[in-house]
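Here the sequence shown stands for residues 0 to 847, numbered as in numbering that gives the first Met the number 0. Here the structure comes first, spelled out in structure tokens, and everything after it is commentary.
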Amino acid sequence: MLGLWRGAPLADVGELEFAAARWEALRVSAAEDRFEAELRLGGHETILAEVEAASARHPLHERLAALRMRSLAAAGRQSEALAVFENVRGRLDEELGVEPGQELRDTHLAVLRGEYGQARARPRLPLRLTSFVGREHELKQILGLMDTSRLITIVGPGGAGKSRLADEVVIRHPVHRSGRLWFVSLAAADTPEGLVDAVLRSLGVRQAEPATPLEQVAELIQDDPAVLVLDNCERLVEDVAQLAHELLERLPYLNILITSRQSLAVVGEAVYQLGPLEEPEAVRLFLDRAAGVRPGVALDEAVVAGVCRRLDGLPLALELAAARLRTMSMTQIARRLDDRFRLLTSGNRTALPHQRTLHAVVEWSWDLLSDEERMLARRFAVFTGGAGEAAVEAVCGSVYVLDSLVEKSFVEATGGRYRMLETIRVYAAEELRRSGEQAEVRAGFVRYFRLLAEEHEPALRSHDQVRAFAVLDADHDNLIDAMRTAIADEDAAWRLLLSLYWYWYTRYDARSEKLVADVLAFGDALPADVRALLTAIRVLGGNQAVPPAAEARPLVDACIRTGAVERFAVAVPFVLAAVTVYGFADLAEAELRKAREHRDPWARASAYWLEATARGEDGDWEGAMKALAEALRRFEELGERIGLVMTLNSLARARSIGGEHEAAIAALERGAVLAAEIGIGEEIWHLTELAGERSRAGDQEGALHAVELARSLVNPRVRRHSEIGLWRRVAELHRRTGELEEAKLAIGELAALGDALSMDERAVAQLVAPARLANLLAAGRVEAARELFPVAVQTCLNERVAATAAELLARLSTPTARAPNCPGTRRWRNCQNQSASSSGSNGSGAIR
Numbered sequence: 000m001l002g003l004w005r006g007a008p009l010a011d012v013g014e015l016e017f018a019a020a021r022w023e024a025l026r027v028s029a030a031e032d033r034f035e036a037e038l039r040l041g042g043h044e045t046i047l048a049e050v051e052a053a054s055a056r057h058p059l060h061e062r063l064a065a066l067r068m069r070s071l072a073a074a075g076r077q078s079e080a081l082a083v084f085e086n087v088r089g090r091l092d093e094e095l096g097v098e099p100g101q102e103l104r105d106t107h108l109a110v111l112r113g114e115y116g117q118a119r120a121r122p123r124l125p126l127r128l129t130s131f132v133g134r135e136h137e138l139k140q141i142l143g144l145m146d147t148s149r150l151i152t153i154v155g156p157g158g159a160g161k162s163r164l165a166d167e168v169v170i171r172h173p174v175h176r177s178g179r180l181w182f183v184s185l186a187a188a189d190t191p192e193g194l195v196d197a198v199l200r201s202l203g204v205r206q207a208e209p210a211t212p213l214e215q216v217a218e219l220i221q222d223d224p225a226v227l228v229l230d231n232c233e234r235l236v237e238d239v240a241q242l243a244h245e246l247l248e249r250l251p252y253l254n255i256l257i258t259s260r261q262s263l264a265v266v267g268e269a270v271y272q273l274g275p276l277e278e279p280e281a282v283r284l285f286l287d288r289a290a291g292v293r294p295g296v297a298l299d300e301a302v303v304a305g306v307c308r309r310l311d312g313l314p315l316a317l318e319l320a321a322a323r324l325r326t327m328s329m330t331q332i333a334r335r336l337d338d339r340f341r342l343l344t345s346g347n348r349t350a351l352p353h354q355r356t357l358h359a360v361v362e363w364s365w366d367l368l369s370d371e372e373r374m375l376a377r378r379f380a381v382f383t384g385g386a387g388e389a390a391v392e393a394v395c396g397s398v399y400v401l402d403s404l405v406e407k408s409f410v411e412a413t414g415g416r417y418r419m420l421e422t423i424r425v426y427a428a429e430e431l432r433r434s435g436e437q438a439e440v441r442a443g444f445v446r447y448f449r450l451l452a453e454e455h456e457p458a459l460r461s462h463d464q465v466r467a468f469a470v471l472d473a474d475h476d477n478l479i480d481a482m483r484t485a486i487a488d489e490d491a492a493w494r495l496l497l498s499l500y501w502y503w504y505t506r507y508d509a510r511s512e513k514l515v516a517d518v519l520a521f522g523d524a525l526p527a528d529v530r531a532l533l534t535a536i537r538v539l540g541g542n543q544a545v546p547p548a549a550e551a552r553p554l555v556d557a558c559i560r561t562g563a564v565e566r567f568a569v570a571v572p573f574v575l576a577a578v579t580v581y582g583f584a585d586l587a588e589a590e591l592r593k594a595r596e597h598r599d600p601w602a603r604a605s606a607y608w609l610e611a612t613a614r615g616e617d618g619d620w621e622g623a624m625k626a627l628a629e630a631l632r633r634f635e636e637l638g639e640r641i642g643l644v645m646t647l648n649s650l651a652r653a654r655s656i657g658g659e660h661e662a663a664i665a666a667l668e669r670g671a672v673l674a675a676e677i678g679i680g681e682e683i684w685h686l687t688e689l690a691g692e693r694s695r696a697g698d699q700e701g702a703l704h705a706v707e708l709a710r711s712l713v714n715p716r717v718r719r720h721s722e723i724g725l726w727r728r729v730a731e732l733h734r735r736t737g738e739l740e741e742a743k744l745a746i747g748e749l750a751a752l753g754d755a756l757s758m759d760e761r762a763v764a765q766l767v768a769p770a771r772l773a774n775l776l777a778a779g780r781v782e783a784a785r786e787l788f789p790v791a792v793q794t795c796l797n798e799r800v801a802a803t804a805a806e807l808l809a810r811l812s813t814p815t816a817r818a819p820n821c822p823g824t825r826r827w828r829n830c831q832n833q834s835a836s837s838s839g840s841n842g843s844g845a846i847r
């Protein structure tokens, strides 16, 4: 019927204007009914032009305005629909002095909620241009929290990926399908008003209603299930906490997800602590971003893993580093990470300012700290290995704001210790340098750790050694750093070094050799006894080849002459072992007698152990066993496990030589248990010796089991010297079962281990010579074996395993003797007594 209407009604009857107006009103009402029907049928596109034309003719007609808004929103033009409302409201106020009616206000609210057409399925989320890598576990946990908690805060350091994780969480949340979720970035907001304005803008409001902003936000979200994400809240924590509390109180079906560098600290908040990526995920992320920068590039994953570790596994730092591949190689990036803040500056130009460079990320967090927090943070930077509360208080002067630094994700707290991510620590260290406090703080740092080392050095040789090792292990990196800093002062340097040397010796820390050399550089400024002992340690105790007796004798004499042996307990086993190994007979008896009367009980116990070794070398087995029994008694009284382990090993050797294999096995088993308590990997060596003893007893299956158990214990946290005997034993067992290629591979592992331990070329050659010679003889390569014989024999003599040297000589004299080749040799089965070594072999193994 509307299609039949032409022109204005009653246009030719002027005196009936009132009737014409009524007919026009009826036509407009009919048109509105038609528009309403079309909209309900989804025909917004077909009527939009007509609705706009009708609205232009009747600008104050509220129902037309509402229909036009609905048509625009259904077409996905929400901002234009909202502009219609603002325009109509303005004209109503200006021309009629009234506010919009209920229908128009309801339509405006519905448009804001996205209840019309396409707007419903278009939640306001950040643009995602890269893939999401890792964090599967975190996603699952946070989604689980959202099922039980209405307020969740993701807390973590800058660059950890909190915003991206929150984005990925909400797109997996059920409410995403309805479009009722909003992502509000607060990075630019720094006032309470700015906070509410940011939320309203995210909800689509450009101009606030007369109602309070909080009421307007609550009215826009309404009571249906919804998720509100408030991102980067750390600058407005208190205001965000208040807003969240009031919204949750008004809207029972609302979930709020917060990202911040500190929690809101309100009742009902579930805090999710987000840390750096684990190394495998960090490597995956780096490789993914690298492929985007340089498609097809092949990278060494070991180098990538090293870069990821140095960058703390922080996603933003990894992305910035990957971006550098545009102009640099992976090796160049790794080499320049010491200057990470100058290196990692090529960020995303469209990112927020505080996320474009690594320096800006940390600076954003630094600016949020109070003056007292900044003071503690910069002083804390001296702790390269983290610290306990006592250390922080002693070095930094105050711990009152330490918990605040933890809450603000500037410091991590784990197991009673505190640490900074390396990137944050480097930034804080630069702040310390600029503050003028560095010299004073570092002096306090050295003083604290020197006192710590002096306090626990005697405990390392007592029943309390497990606890003492744990204390020093926890601060291992700090102790190294304190030692390096102390090098500037000869008195502090040698005192700290000798307090730590036994700890480092038992832990086989290769860095100690460089530190010994650095302290010896003070020369005559050192006390004579200290210089003598450190010189002997450097020459006789390092990873170099064993020096000849003519070179060792003056070092031993100097330690005795200057009184180093009487003053330092650790000098007793070190110096007197050299006396025994080199066979300095004129010194042995007198020095052992003095050592048995040493002021230190551990040194006295060690003297008996050394006496047993000397008597055994002289063939006095009765005297050796008596001395071993006394050493065992004294070490047991002290509760000192390292001494017990050494004594039990010597006892096992003596029992083995006497053919008492069961007694030897029992001693080695007990030694392995004690070594495991110390936690330095020494049990690997004892299990290796146990394998040899079981083999000599004819228990090949037991020998194999012991070796396999030892190999299972090898890991980066144990000292690698423990692997020397292991690879020798593996090579021996393969050789004795005819698997010469496998034995050769084990010898190769042994040589590689020597290189990894920074041994020089001569020392590595000596290390592998006996096993390599035995393999050559087993293969029938006599001439090659003859060439290697002098080095192999010298190694055996240096290690006091003369029986092994004798066996090698005997086999070289009868080259036709070949290793048995038993069936099933892959697991060294069924060889039984054929693989038993000479009864004269000691616990080091027949052919180690």
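Built from N, CA and C at the ideal position, the CB exists for glycine as well.
When burial is assigned at 16 or more other CB atoms within 10 Å of the CB, is residue i buried or exposed?
i	result
residue 130	exposed
residue 462	exposed
residue 37	buried
residue 78	exposed
residue 449	buried
residue 455	buried
residue 523	exposed
residue 859	The requested residue 859 does not occur in the structure, where the chain is confined to residues 0 to 847.
residue 850	Nothing about residue 850 can be reported from this structure: the residues present for the chain run from 0 to 847 only.
Could you tell me whether the Cβ atoms of residue i and residue j are closer together than 8 Å?
i	j	result
residue 609	residue 575	yes
residue 778	residue 739	yes
residue 31	residue 81	no
residue 151	residue 297	no
residue 732	residue 702	yes
residue 413	residue 476	no
residue 725	residue 705	no
residue 184	residue 230	yes
residue 400	residue 362	no
residue 329	residue 302	yes
residue 142	residue 172	yes
residue 199	residue 212	yes
residue 194	residue 250	no
residue 673	residue 650	no
In chain order, what residues of the same chain lie with their CB nearer than 6 Å to the CB of residue i, ignoring the 5 residues before and after it?
i	result
residue 593	none
residue 519	533
residue 191	238
What first and last residue would you give for the alpha helix (DSSP H) that runs through residue i?
i	result
residue 579	570-581
residue 78	77-90
residue 337	Careful: residue 337 lies outside any alpha helix (DSSP H) and carries neither H nor E.
residue 67	61-73
By alpha-carbon positions, which one of the options ends up nearest to residue i?
i	options	result
residue 773	727, 623, 180, 754	727
residue 188	486, 149, 47, 197	197
residue 625	604, 644, 641	604
residue 132	125, 250, 282	282
residue 379	342, 417, 343, 366	417
residue 336	325, 324, 320, 326	320
residue 628	616, 617, 618, 654	654
residue 223	157, 264, 109, 158	109
Counting only the same chain and skipping the five closest in sequence on each side, list residues whose C-beta sits under 7 Å from that of residue i.
i	result
residue 55	none
residue 676	465, 640
residue 743	774
residue 165	153, 228, 230, 256, 258
I need the boundaries of the beta strand (DSSP E) containing residue i, first residue and last residue.
i	result
residue 230	225-230
residue 259	253-259
residue 564	Note, residue 564: premise wrong, no beta strand (DSSP E); alpha helix (DSSP H) at 563-566.
residue 151	150-154
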